[in-house]
Amino acid sequence: MTGTGIGASIKRVEDQRFLTGNGNYTDDINRPGQSHAWILRSPHAHATINGIDTSKAEKADGVIAILTGADMAADGVGGLPCGWQIHNKDGSPMAEPAHPPLAVGKVRHVGDQVAIVIAETRDAARDAAELIEVDYGVLPAVVSMDAALDGGTLVHDDVPNNRCFDWELGEKDAVEAAFADAAHVVAIDLVNNRLIPNAMEPRAAISEYDRSTGQYTLHTTTQNPHVIRLLMGAFVLQIPEHKLRIVAPDVGGGFGSKIFHYAEEAILTWAAAKVNVPIKWTAERSESFATDAHGRDHETHAELALDKDGKFLGLRVATKANVGAYLSTFGSSVPTYLYATLLAGVYTTPAIYAEVQTVFTNTVPVDAYRGAGRPECTYLLERLVTKAARQIGMDPIELRKLNMIQPDQYPYQTPVALQYDCGDSPATFESALKAADYAGFEKRRAAAEKAGKLRGIGISTYVEACGIAPSAVAGALGARAGLYESAQVRVHPTGSVTVYTGTHNHGQGHETTFAQLVSESFGIPADQVEISHGDTDQVQFGMGTYGSRSLAVGGPAILKACNKIIDKAKKIAAHIMEADVSDIEFADGKFTVAGTDKEMAFGEISLAAYVPHNYPIEEIEPGLDENAFYDPLNFSFPGGAHICEVEIDPETGDVDVVGFTAVDDVGRVVNPMIVEGQVHGGLAQGVGQATLEGCVYDEDGQLLSGSYMDYTMPRADDLPSFSVATQGVMGASNPLEVKGVGEVGAIGSPPAVVNAILDALAPLGVEDISMPATSQKVWQAIQDSNVRQAAE
Amino acid sequence: MEMSGEYKIDASREKVWAGLNDPEILKQSIPGCEEIEQTSDTSFTAQVTAKVGPVKAKFSGAVELTDIDAPNGYRISGEGKGGAAGFAKGGANVKLEEDGDGTLLKYEVDAQVGGKLAQLGARLIDGTAKKMASQFFDNFAEAVTAGEAASGDAAPADAPAQAATPAPAAASGQVTAMSQVGAGTWVSGLVVAAVVLYAIFG
Numbered sequence: 001m002t003g004t005g006i007g008a009s010i011k012r013v014e015d016q017r018f019l020t021g022n023g024n025y026t027d028d029i030n031r032p033g034q035s036h037a038w039i040l041r042s043p044h045a046h047a048t049i050n051g052i053d054t055s056k057a058e059k060a061d062g063v064i065a066i067l068t069g070a071d072m073a074a075d076g077v078g079g080l081p082c083g084w085q086i087h088n089k090d091g092s093p094m095a096e097p098a099h100p101p102l103a104v105g106k107v108r109h110v111g112d113q114v115a116i117v118i119a120e121t122r123d124a125a126r127d128a129a130e131l132i133e134v135d136y137g138v139l140p141a142v143v144s145m146d147a148a149l150d151g152g153t154l155v156h157d158d159v160p161n162n163r164c165f166d167w168e169l170g171e172k173d174a175v176e177a178a179f180a181d182a183a184h185v186v187a188i189d190l191v192n193n194r195l196i197p198n199a200m201e202p203r204a205a206i207s208e209y210d211r212s213t214g215q216y217t218l219h220t221t222t223q224n225p226h227v228i229r230l231l232m233g234a235f236v237l238q239i240p241e242h243k244l245r246i247v248a249p250d251v252g253g254g255f256g257s258k259i260f261h262y263a264e265e266a267i268l269t270w271a272a273a274k275v276n277v278p279i280k281w282t283a284e285r286s287e288s289f290a291t292d293a294h295g296r297d298h299e300t301h302a303e304l305a306l307d308k309d310g311k312f313l314g315l316r317v318a319t320k321a322n323v324g325a326y327l328s329t330f331g332s333s334v335p336t337y338l339y340a341t342l343l344a345g346v347y348t349t350p351a352i353y354a355e356v357q358t359v360f361t362n363t364v365p366v367d368a369y370r371g372a373g374r375p376e377c378t379y380l381l382e383r384l385v386t387k388a389a390r391q392i393g394m395d396p397i398e399l400r401k402l403n404m405i406q407p408d409q410y411p412y413q414t415p416v417a418l419q420y421d422c423g424d425s426p427a428t429f430e431s432a433l434k435a436a437d438y439a440g441f442e443k444r445r446a447a448a449e450k451a452g453k454l455r456g457i458g459i460s461t462y463v464e465a466c467g468i469a470p471s472a473v474a475g476a477l478g479a480r481a482g483l484y485e486s487a488q489v490r491v492h493p494t495g496s497v498t499v500y501t502g503t504h505n506h507g508q509g510h511e512t513t514f515a516q517l518v519s520e521s522f523g524i525p526a527d528q529v530e531i532s533h534g535d536t537d538q539v540q541f542g543m544g545t546y547g548s549r550s551l552a553v554g555g556p557a558i559l560k561a562c563n564k565i566i567d568k569a570k571k572i573a574a575h576i577m578e579a580d581v582s583d584i585e586f587a588d589g590k591f592t593v594a595g596t597d598k599e600m601a602f603g604e605i606s607l608a609a610y611v612p613h614n615y616p617i618e619e620i621e622p623g624l625d626e627n628a629f630y631d632p633l634n635f636s637f638p639g640g641a642h643i644c645e646v647e648i649d650p651e652t653g654d655v656d657v658v659g660f661t662a663v664d665d666v667g668r669v670v671n672p673m674i675v676e677g678q679v680h681g682g683l684a685q686g687v688g689q690a691t692l693e694g695c696v697y698d699e700d701g702q703l704l705s706g707s708y709m710d711y712t713m714p715r716a717d718d719l720p721s722f723s724v725a726t727q728g729v730m731g732a733s734n735p736l737e738v739k740g741v742g743e744v745g746a747i748g749s750p751p752a753v754v755n756a757i758l759d760a761l762a763p764l765g766v767e768d769i770s771m772p773a774t775s776q777k778v779w780q781a782i783q784d785s786n787v788r789q790a791a792e
Numbered sequence: 793m794e795m796s797g798e799y800k801i802d803a804s805r806e807k808v809w810a811g812l813n814d815p816e817i818l819k820q821s822i823p824g825c826e827e828i829e830q831t832s833d834t835s836f837t838a839q840v841t842a843k844v845g846p847v848k849a850k851f852s853g854a855v856e857l858t859d860i861d862a863p864n865g866y867r868i869s870g871e872g873k874g875g876a877a878g879f880a881k882g883g884a885n886v887k888l889e890e891d892g893d894g895t896l897l898k899y900e901v902d903a904q905v906g907g908k909l910a911q912l913g914a915r916l917i918d919g920t921a922k923k924m925a926s927q928f929f930d931n932f933a934e935a936v937t938a939g940e941a942a943s944g945d946a947a948p949a950d951a952p953a954q955a956a957t958p959a960p961a962a963a964s965g966q967v968t969a970m971s972q973v974g975a976g977t978w979v980s981g982l983v984v985a986a987v988v989l990y991a992i993f994g
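Chains A and B, in that order, are what the protein sequence lines are. For the first sequence, this note's numbering begins at 1 and goes up steadily by one. For the second sequence, this note's numbering begins at 793 and goes up steadily by one.
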């Protein structure tokens with residue numbers, strides 16, 4: 001045994017370079033003779049561009065070229081495409097207004113790209129940008145979704161009422177019938193707060209064009225280089241794949257925000273050919289705030305129908321989702337198929353109907369951010385169920401247990417399209433209650449009360465759908481791509497291995513986890529395995545990393561390629577050891593002939609494959625190098641239970657998250673330490689959304705929370721020491737029986753935190769608080785309660 | 793943002809008026825002001841460089857005068873463009889009142905900022921704008937009272953007015969025009985001061 005296979009908590013090999021300052025990020029890359037770009041951006045949320053005078057700027061020192069939307073249009077450059085088509089209730093397709101990489105005629109959000117200045121230095125480009133005179137005709141901005149739907153001001157002239165689409169899912173009639181029979185109806189109105197992703201590394205790109213070969217190369221901060229090649233090459237710039245190389249080197253965090261094809265990628269690639277020098281661009285932190293796609297931003301009204309015993313009868317949901325000024329790559333799929341399809345949650349609710357309207361506003365596009373639709377869904381369900389328990393006077397645990405899908409009901413077909421393949425929510429729930437010492441909470445509450453603090457406990461039980469996605473299903477639902485994954489496993493002559501994966505590692509630990517898969521498969525130590533990713537000239541193909549898909553979809557592709565290698569190696573071994581291939585066994589890195597003491601090591605076979613002196617050359621080719629593609633049969637359905645405890649200082653409203661317990665079912669765990677780290681990171685972001693983070697635009701569309709002075713990220717002292725455990729239920733529809741883990745922390749945790757805060761404030765009569773539940777908001781709720789009680 | 797206040801200047805209304813007619817005094821009074829130029833009877837441009845914290849921006853402000861009720865009050869509105877730093881636009885209602893030996897300036901400013909100014913500075917704008925207005929008035933009062941002392945000593949009584957009369961406007965030869973010019977210039981200073989002080993956030 002190698003000790004480095006599945007289940008081993010080996011240290012992350014990539015951390016050696018990340019933690020010693022030896023990562024190779026896009027901004028670390030320089031090219032001889034490179035120029036630098038500065039993107040001139042709109043300071044207005046909504047304005048016509050009446051003219052752009054670049055004459056002064058062009059004469060500035062060091063300026064090579066200044067290009068605008070008119071130049072792009074003249075070259076026939078296309079708009080940025082949306083990757084998922086949604087249909088309206090009436091079957092018509094969604095509104096897909098043009099999204100030119102450089103604005104043409106009109107700017108639609110603060111930060112919209114107006115011109116690119118290319119100069120010898122970054123400072124020169126920036127200084128020259130100051131000299132560009134843009135004649136803006138300022139228009140009223142629409143920022144709130146309600147104002148947008150009124151349609152008085154149109155973000156896109158060809159989109160009435162700023163409505164991108166009006167979509168539905170589920171059985172409306174069945175839900176109406178359920179409500180007609182209900183003993184209780186519980187209603188809730190919620191805002192899922194808009195978030196700014198804040199990857200540690202800002203977006204960056206460096207583009208090159210070789211006139212002698214017609215070859216374009218773009219290094220960029222993306223989670224999915226092949227997707228960028230496809231979108232930018234085929235839709236925007238019309239560059240065939242064989243002339244376009246996309247490289248995503250080390251990427252310093254993405255959380256979804258680096259999935260999308262951004263305008264700057266197309267602008268730089270196009271401009272590199274025009275100026276014939278490499279062009280480098282790195283976003284400032286301010287640009288990241290203003291132009292990275294934001295996350296969440298839902299307003300929802302939901303109603304739950306229950307019978308007299310508390311059994312859920314029906315759920316209806318009406319959601320408005322902000323898509324910003326333009327449709328980002330997956331902006332249409334996040335509030336629909338990644339959201340409403342999960343509305344059954346872990347419950348047996350028999351009838352569900354959801355309506356989702358998406359709305360254009362004069363804000364930056366909104367798209368996937370860690371969890372992408374599923375946190376919004378889980379927040380809705382778990383706030384609603386908690387409220388229902390209070391409203392009908394039932395224990396929130398008992399109400400959940402009463403309605404949970406039982407283990408013997410799997411595979412479980414929900415009324416909202418998904419079929420859960422396996423799971424055991426009651427088991428993870430029980431484990432979490434025990435680990436959190438739920439039974440002892442009242443004692444802790446009493447102790448806190450003595451100390452002058454309000455203590456509360458909150459629960460969230462969840463299931464999510466990830467491992468995106470079965471291509472046929474995704475295609476039927478409107479995806480414009482297949483969502484399989486590929487792997488090439490190249491065994492070198494002396495038996496070490498390089499794996500080329502189409503997923504992308506930007507902090508998830510793939511270089512370690514995937515090596516463990518190969519270690520397990522070939523019986524060789526993980527340090528004999530290199531994982532290569534991110535370069536479209538090296539990796540055969542791939543759909544990248546998002547939606548907790550890399551292990552669940554990319555892992556089986558690696559496994560399939562490994563199995564092909566083993567099959568071929570057995571034939572080589574059979575030839576050399578003069579046995580029948582059916583008698584060759586492979587275990588612990590050794591090929592043996594059954595019933596004999598003949599054996600060959602893995603490395604001996606690989607050497608034979610590349611030095612085929614004694615080789616079945618008429619039967620099989622030399623070499624040991626296999627490709628595989630894997631298309632998942634279903635999503636993977638991680639789930640679990642999160643329990644949060646908070647203490648609130650009634651004098652200041654300060655919320656102290658004093659305890660957090662998460663028991664998650666992520667199926668088979670390959671590296672427990674990495675899984676724990678993933679859950680920690682997700683929980684931090686979930687607590688951040690619940691208590692600290694909130695994106696604010698003013699009524700003119702100016703971004704007010706545009707720096708770390710005004711946008712609060714969670715820090716170590718905002719978080720407790722997490723109690724994290726996994727409790728895997730096997731049976732996931734993939735050969736590894738793994739489920740995604742990257743997003744569960746961010747999906748399950750926000751409602752647990754807010755439910756805990758509301759539990760703490762319940763004695764004061766506080767029934768609602770919106771995220772982020774900042775100290776000020778909590779303090780205000782306490783003050784309002786005091787006023788209310790004084791009046792009574 | 794909105795901001796209002798009043799400021800007493802220990803100089804006669806006549807002297808304050810004269811000082812307000814003096815582009816040089818305004819230039820000295822507006823922090824970071826490099827240039828004030830009259831573009832018509834009722835419009836002006838000014839250039840101000842301002843720096844706060846790590847960010848520095850050169851601001852070009854254009855100011856328009858309306859609702860002129862010389863010498864009691866005016867509405868002045870303007871827009872300052874700070875290039876990549878964004879923009880600031882707004883206006884001020886200004887009143888001049890005699891107050892004993894001195895003059896009381898009352899102002900109400902409303903303004904909007906956009907782009908990076910809003911993104912980085914929105915939270916700090918109120919405080920900083922007040923501070924900047926205060927700086928402007930301090931500088932202005934000092935310049936005007938210094939002028940008063942100087943005129944008391946040696947300068948001809950009409951010197952400040954002459955100095956302040958822009959040549960093209962003087963050609964019109966009308967007192968009302970003169971008043972407008974004077975008021976416009978100083979109010980432009982005020983608004984540019986208020987508006988431009990936002991630029992410091994760029």
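C-beta atoms are modelled at their ideal positions from N, C-alpha and C, and glycine is treated no differently. Remember, predicted model here, so these are calculated numbers, not experimental data.
Please check the pair residue i and residue j, which I expect to be a contact at CB under 8 Å, by giving their CB distance rounded to whole angstroms.
i	j	result
Ile-817 of chain B	Val-936 of chain B	7 Å
Gly-295 of chain A	Tyr-369 of chain A	3 Å
Leu-338 of chain A	Arg-374 of chain A	6 Å
Met-94 of chain A	Cys-164 of chain A	5 Å
Using a cut-off of 7 Å between C-beta atoms, extract the partners of residue i located in chain B.
i	result
His-44 of chain A	Gly-906
Sorted by chain position, which residues of the same chain lie with C-beta nearer than 8 Å to residue i's C-beta, five sequence neighbours on each side aside?
i	result
Leu-633 of chain A	Pro-470, Ser-733 and Asn-734
Gly-502 of chain A	His-226, Glu-485, Ser-486, Ala-487, His-533, Val-539, Gln-540, Phe-541, Gly-542, Met-543, Gly-544, Gly-554 and Ala-557
Gln-966 of chain B	Note on Gln-966 of chain B: pLDDT 30, under 50, position unreliable in the model; the coordinate value appears next. Contacts found: none.
Residue i to residue j, Cα distance in whole Å?
i	j	result
Asn-50 of chain A	Trp-38 of chain A	21 Å
Asn-224 of chain A	Val-744 of chain A	21 Å
Glu-798 of chain B	Leu-857 of chain B	20 Å
Thr-269 of chain A	Thr-300 of chain A	40 Å
Leu-517 of chain A	Ser-636 of chain A	18 Å
Asp-27 of chain A	Ser-257 of chain A	18 Å
Leu-149 of chain A	Asn-161 of chain A	5 Å
Ala-641 of chain A	Ser-723 of chain A	12 Å
Leu-342 of chain A	Ser-749 of chain A	16 Å
Using a cut-off of 8 Å between C-beta atoms, extract the partners of residue i located in chain A.
i	result
Gly-878 of chain B	Pro-43
Gln-911 of chain B	Val-110, Ser-286, Phe-289, Ala-290, Gln-702, Leu-703, Leu-704, Gly-706 and Ser-707
List, in order along the chain, the chain B residues whose C-beta lies closer than 8 Å to that of residue i?
i	result
Leu-40 of chain A	Ala-876
Arg-126 of chain A	Ala-876
Take residue i and list the residues in its own chain whose beta-carbon comes closer than 6 Å to its own, dropping the five residues that flank it on each side.
i	result
Glu-355 of chain A	Glu-168 and Ala-318
Gln-927 of chain B	Pro-823
Gly-458 of chain A	Cys-644, Ala-752, Asn-755, Ala-756 and Asp-759
So with CB distances below 9 Å, who are the chain B contacts of residue i?
i	result
Ala-147 of chain A	Per Cβ cutoff of 9 Å: no residues; Ala-147 of chain A is ~18 Å from chain B at best.
Glu-130 of chain A	Ala-849, Lys-850, Gly-874, Gly-875, Ala-876 and Ala-877
Please return the same chain residues whose Cβ sits closer than 7 Å to the Cβ of residue i, not counting the five positions on each side in sequence.
i	result
Lys-564 of chain A	Glu-626 and Ala-628
Next on the checklist: As an exercise, report each continuous alpha helix (DSSP H) stretch of at least 4 residues that is fully enclosed by the region 292-360 of chain A, in chain order.
Outcome noted: Complete alpha helix (DSSP H) runs here, min 4: none at all.
Item to check | Start-end ranges of the alpha helix (DSSP H) lying completely within the region 11-39 of chain A, minimum 4 residues | outcome: Runs of the alpha helix (DSSP H) inside the region 11-39 of chain A: 15-19.
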